[in-house]
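Heads up: the protein sequence lines correspond to chains W and H, in order. When we follow our numbering, the leftmost residue of the first sequence carries the number 1, and every step to the right adds one. When we follow our numbering, the leftmost residue of the second sequence carries the number 1, and every step to the right adds one.
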Amino acid sequence: MTTIEELIAPSLISVDLSATDRRGALEELARLLERDGRVVDVPTYVDAVWAREEETGGTGMESGIAIPHAKSPAVARASVAFGRSASGVDFGAEDGTKADLIFLIAAPEGADDLHVTVLSRLARRLVHEPFRASLREAPTAEAVFDIVKQEVEL
Amino acid sequence: MKIVAVTSCPTGIAHSEMAAEALETAARQRGHEIHVEVQGAAGAPPLDSSLIAEAQAVIFAVDAEVRDRGRFSHLPSVEVRTREAIDRAGEVVDRAVAAATAAPAVTPAAALVRAEPAATAGRAERIRRWLMTGVSYMIPFVVGGGILIAFAFVIGGAVEVTEFSVIQDGQVQFAGDVDAPFWTWFGAVLLTIGGLAFSMLVPILAGFIAYAMADRPGIAPGLVGGLVAREIGAGFLGGLVAGLLAGLVVQQMKKIPVKGTLQRMLPILVYPIFGTAIVGLVMLLVVGEPVAAASRALTDWLESLSGTNEILLGIIIGGMMAFDMGGPVNKVAYAFGILSLDSGNFQIMAAVMAAGITPPLGMALASVLRPKLYTEEEREAGEAAWVMGISFITEGAIPFAAADPLRVIPSLMVGSAVTGALSLAFNATLQAPHGGIWVIGLIGNALPYLVAIAIGTVVTALMVNVLKSLRRTPAQQAPAGVTVDA
Chain W
1 MTTIEELIAP SLISVDLSAT DRRGALEELA RLLERDGRVV DVPTYVDAVW
51 AREEETGGTG MESGIAIPHA KSPAVARASV AFGRSASGVD FGAEDGTKAD
101 LIFLIAAPEG ADDLHVTVLS RLARRLVHEP FRASLREAPT AEAVFDIVKQ
151 EVEL
Chain H
1 MKIVAVTSCP TGIAHSEMAA EALETAARQR GHEIHVEVQG AAGAPPLDSS
51 LIAEAQAVIF AVDAEVRDRG RFSHLPSVEV RTREAIDRAG EVVDRAVAAA
101 TAAPAVTPAA ALVRAEPAAT AGRAERIRRW LMTGVSYMIP FVVGGGILIA
151 FAFVIGGAVE VTEFSVIQDG QVQFAGDVDA PFWTWFGAVL LTIGGLAFSM
201 LVPILAGFIA YAMADRPGIA PGLVGGLVAR EIGAGFLGGL VAGLLAGLVV
251 QQMKKIPVKG TLQRMLPILV YPIFGTAIVG LVMLLVVGEP VAAASRALTD
301 WLESLSGTNE ILLGIIIGGM MAFDMGGPVN KVAYAFGILS LDSGNFQIMA
351 AVMAAGITPP LGMALASVLR PKLYTEEERE AGEAAWVMGI SFITEGAIPF
401 AAADPLRVIP SLMVGSAVTG ALSLAFNATL QAPHGGIWVI GLIGNALPYL
451 VAIAIGTVVT ALMVNVLKSL RRTPAQQAPA GVTVDA
């Protein structure tokens, strides 16, 4: 059984994103994935994510989360990077809310295995306010990791 | 209240799941029972047909096509993007409840009967949905092209606008370049545009049948197969073959068990190259020759019949005109009419045109008489079909025929056969190769001629509606990708 630990790690989490625009935030998070060997080609992957953003008008929600994602051959294995932004980044939410909790999902082409199940469970948990609140309060990357792990494995 | 919902998004990882969770949470908070089918990558099982039968409303929170939408056709529905469902799930649930209160679902017993064939998704039913998807993408081309051509006839004169071409040797001919009045020239311009729209009918039909069957990878092989069908003159029936073939080929290729790099290459290289090649080869080398041979045989046969029983000839020509509406059989009959016209026999040309007028008129009338038998889109196509019918643009009936060929084509043929025979019996004549009502001045015995057309129109309309109502109501199965908001 795939566990959330295979998908996310403290090294893939930034509680203080420096980028303030969408493209920059995507690249910053994608580089975290690259450093961990999960994404092999940052520009290709970011382009794929960007295309999805354009297609859907953005993945930002009014609750302040954004889930940019794409399947791409530039992804070595299914992963999630998380970034928290103090200023917020525009991800095209309907009401203009900036996203402060950004989950960047990377899936290899043709991914329809157990990883997807775990990713979808994470996505489902994000609908719930208490989970979002605890992500906003977590002081460190490790703390975020623990919260995510706990929430998704319940 | 019992609610069912379908969520879907292109990648099927995040938004479909979030929308599902949000809807479930909001509905339960409001004391409703909800069951959600996530059409995502995780491959959740479809909703049980009994749940759908018991439900009072359906919510579609979708950014992508809903698979097997027909299962929900008896329910009042609300359709939103996934984002709206995530951001404002409560509001969406409230709207579904309001829709259910305003227009209650049909009785559960009837729903069960209707839900059953779709839920088990029999082969015929699946094919029907694929065809409907192709048709729904084709309709704008039929309507746009058909109305522009009709308008060209009206402003420029039906015969005059075809006497020169607006693009010659790659050069656009402007009003001053041609020896024709301005409005004739402008009509010819519109005719060119409309004709180009029409040239997309078969490729689009084929491409989007394949899309319904095999998703995006189906489009390229389907479109190319449709182009080949057009080039070999196989008409829309050739397009149906090309689309179904392309869908099948890509469906099969998707089952190839490979992993890793090779798997990544499938959608990028394998589907487009091999899918297109296989479909193109089959259409060109296997379908092409029989079509040409059949055309030649039919031509010889028709010629051997000329001079024999007039009524019989009218019946045969009429049936042929309606059989494939622009396809090889229709073309043989039409060419026979032109040939007769050139040799001074004006009766045959009149019968040919009359028989080409009734199919769109018949379907337009049918969709007005029994609107419930037709989808919203078909009813709109029916409105445009009036104009196309009177303009002798037989293609106006193609959307109906492509969606339900086994019931529609025989009805069109019978109506056209009656009209063709009557036209000859009434001794009507026509001294123009096309134009419909717009060349009425060139029609001899015009009044009986119109009566012949009217009778055939009524015959087609009544027959197709009887055939359609013998089975379950097709309008209940809207094509995928079309909103059926209650």
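Where is the CB? At the ideal position from N, CA and C, for every residue including glycine. The structure displayed is predicted, hence computed values, not measured ones.
Identify which residue in the options has its Cα closest to the Cα of residue i.
| i | options | result |
| --- | --- | --- |
| L245 (chain H) | H:V80, H:A384, H:A452, H:W130 | H:W130 |
| A206 (chain H) | H:R81, H:V159, H:I127 | H:I127 |
| S72 (chain W) | W:A66, W:I4, W:V40 | W:V40 |
| I453 (chain H) | H:P410, H:W386, H:R407 | H:W386 |
| V464 (chain H) | H:H434, H:W438, H:M413 | H:M413 |
| V202 (chain H) | H:V135, H:S469, H:F236, H:D48 | H:F236 |
| A14 (chain H) | W:I65, W:A9, W:E142, W:D100 | W:I65 |
| A81 (chain W) | W:P139, W:V127, W:F131, W:A25 | W:A25 |
| T25 (chain H) | H:A64, H:F164, H:D87, H:A229 | H:D87 |
| T20 (chain W) | W:L104, W:S120, W:A99 | W:A99 |
| V142 (chain H) | H:H434, H:M325, H:P371 | H:M325 |
| L51 (chain H) | H:L450, H:V66, H:D63, H:H74 | H:H74 |
| T185 (chain H) | H:G194, H:A210, H:V166 | In the sequence as presented, Thr is not what sits at residue 185 (chain H); that position holds Trp. Selected option, being the one with the closest Cα: H:V166. |
| A212 (chain H) | H:D177, H:Q251, H:L369, H:L339 | H:Q251 |
| N330 (chain H) | H:L305, H:I393, H:E378 | H:I393 |
| D48 (chain H) | H:V154, H:R71, H:G194, H:I59 | H:R71 |
| T457 (chain H) | H:E310, H:E378, H:V368, H:G435 | H:V368 |
| I268 (chain H) | H:G90, H:V228, H:K254, H:M132 | H:K254 |
Return yes when the Cβ of residue j is within less than 8 Å of the Cβ of residue i, no when it is not.
| i | j | result |
| --- | --- | --- |
| T59 (chain W) | F91 (chain W) | yes |
| A354 (chain H) | G420 (chain H) | yes |
| T358 (chain H) | S416 (chain H) | yes |
| R407 (chain H) | L467 (chain H) | yes |
| V80 (chain H) | V97 (chain H) | no |
| A234 (chain H) | V270 (chain H) | no |
| I455 (chain H) | L422 (chain H) | yes |
| A158 (chain H) | V352 (chain H) | no |
| A242 (chain H) | G218 (chain H) | no |
| A150 (chain H) | A85 (chain H) | no |
| S295 (chain H) | P328 (chain H) | yes |
Evaluate residue i with the Cβ neighbour count: other Cβ atoms within 10 Å of its Cβ, from every protein chain shown; 16 or more gives buried, anything less gives exposed.
| i | result |
| --- | --- |
| V116 (chain W) | buried |
| G337 (chain H) | buried |
| L17 (chain W) | buried |
| D215 (chain H) | buried |
| V286 (chain H) | exposed |
| D68 (chain H) | buried |
| R38 (chain W) | buried |
| I348 (chain H) | buried |
| D169 (chain H) | exposed |
| V118 (chain W) | buried |
| L470 (chain H) | exposed |
| E289 (chain H) | exposed |
| Q56 (chain H) | buried |
| A277 (chain H) | exposed |
| A109 (chain H) | Residue confidence for A109 (chain H) is low, a pLDDT of 41 falling below 50, so the modelled location carries little weight and cannot support an answer. |
| T460 (chain H) | buried |
| P181 (chain H) | exposed |
| F174 (chain H) | exposed |
| D404 (chain H) | buried |
| E231 (chain H) | exposed |
| D63 (chain H) | buried |
| E378 (chain H) | buried |
| P10 (chain H) | buried |
Is it the case that the CB of residue i approaches a heavy atom of the ligand NAD more closely than 7 Å?
| i | result |
| --- | --- |
| R407 (chain H) | The model depicted lacks the ligand NAD and carries no ligand whatsoever. |
Do we get a CB-CB distance below 8 Å when we pair residue i with the residues of chain C?
| i | result |
| --- | --- |
| A220 (chain H) | This model lacks chain C altogether; the protein chains it does include are W and H. |
Quick one, which residues of the region 70–98 of chain H are near chain W if we go by CB-CB under 7 Å, in chain order? Those would be R83, I86, D87, in chain order.
Please list, in chain order, the residues of the region 275–287 of chain H that have any C-beta partner in chain W closer than 9 Å. Look at the region 275–287 of chain H: it has no residue with a C-beta under 9 Å from a C-beta of chain W.
Closer than 8 Å between beta carbons: that is the criterion. Which residues of the region 17–31 of chain H meet it against chain W? E17, M18, A20, E21, A22, T25
Within the region 387–466 of chain H, note down every full alpha helix (DSSP H) run reaching 4 residues or more, in order along the chain. Counting only runs of 4+ residues, the alpha helix (DSSP H) found wholly inside the region 387–466 of chain H occupies 398–403, 405–425, in chain order.
Chain H contacts made by the region 6–39 of chain W, where a contact means CB separation under 9 Å: Of all residues in the region 6–39 of chain W, none has a Cβ within less than 9 Å of some Cβ in chain H.
Runs of 3 residues minimum, wholly inside the region 219–257 of chain H: which ones carry the beta strand (DSSP E) assignment? none
At 4 residues or longer, what runs of the alpha helix (DSSP H) sit wholly inside the region 297–350 of chain H? Listed in chain order, the complete alpha helix (DSSP H) runs (minimum 4 residues) inside the region 297–350 of chain H are 310–324, 328–342.
Contiguous alpha helix (DSSP H) assignments of at least 4 residues, all confined to the region 23–95 of chain W: 42–56
Taking the runs of the alpha helix (DSSP H) that are 4 residues or longer, which of them lie wholly in the region 161–219 of chain H? List check, alpha helix (DSSP H) in window: 182–199, 201–214.
Check each residue of the region 116–130 of chain W: if its Cβ is closer than 9 Å to any Cβ of chain H, include it; give the result in chain order. V116, T117, L119, S120, R121, L122, A123, R124, R125, L126, V127, H128
Using a beta-carbon distance cut-off of less than 7 Å, what residues from the region 98–109 of chain W approach chain H? I105, A107, E109
So if I threshold CB-CB distances at 7 Å, which residues from the region 450–461 of chain H count as touching chain W? none
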